[in-house]
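Visitor:
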Amino acid sequence: MLRGGSMTAELGVGFALRAVNERVQQSVARRPRDLPAIQPRLVAVSKTKPADMVIEAYGHGQRTFGENYVQELLEKASNPKILSSCPEIKWHFIGHLQKQNVNKLMGKAKLSAQSQAFSVIVWLTPPSK
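Residue numbers for the sequence shown follow UniProt numbering, so the first one is 1 and each next one is one higher.
(1) Looking at chain E, is there any beta carbon in it that lies within less than 8 Å of the beta carbon of G95?
(2) Do the region 50–62 and the region 11–22 meet, that is, are 3 or more Cβ pairs less than 8 Å apart?
(3) Hey, is the region 23–37 in contact with the region 60–67, meaning 3+ C-beta pairs nearer than 8 Å?
(4) Using the three-state DSSP reduction, which class does K90 fall into: helix, strand or coil?
(5) Since G66 is in the beta strand (DSSP E), which residue starts that stretch and which ends it?
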């Protein structure tokens, strides 16, 4: 599996994305025919990666990115360089979302509907005792 910055740096973002997408398509081909034909969506986790790497991945066809730190997602989602180079980019917040961070994420134009719906569910759910 292609993980970690060193593999990506050595082989390039485009190579890594092609390799992962090929594995996804191989898995899709092995799916039992009686299951619905739903095309999986690759969410590229861009945490700790610079804006230039996000733009490079976008240039290779990747449109959906995920962050698990609210502040990093907000910074990248409002980065002028990313906004001008990646007009169709979509962001997912992945992982645990603390209640105090929900309002920071709500209303962000490029944050996916699934992530926003998840945020609302977390926000409306009372804390467990």
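Quick reminder that beta carbons are idealized off the backbone N, C-alpha and C, glycines included. Note that the structure is predicted; figures quoted are calculated from it, not measured.
Guide: Let me lay it out:
(1) Protein chain content of the structure displayed is limited to a single chain, and chain E is not contained in it.
(2) yes
(3) no
(4) strand
(5) T64 to E67
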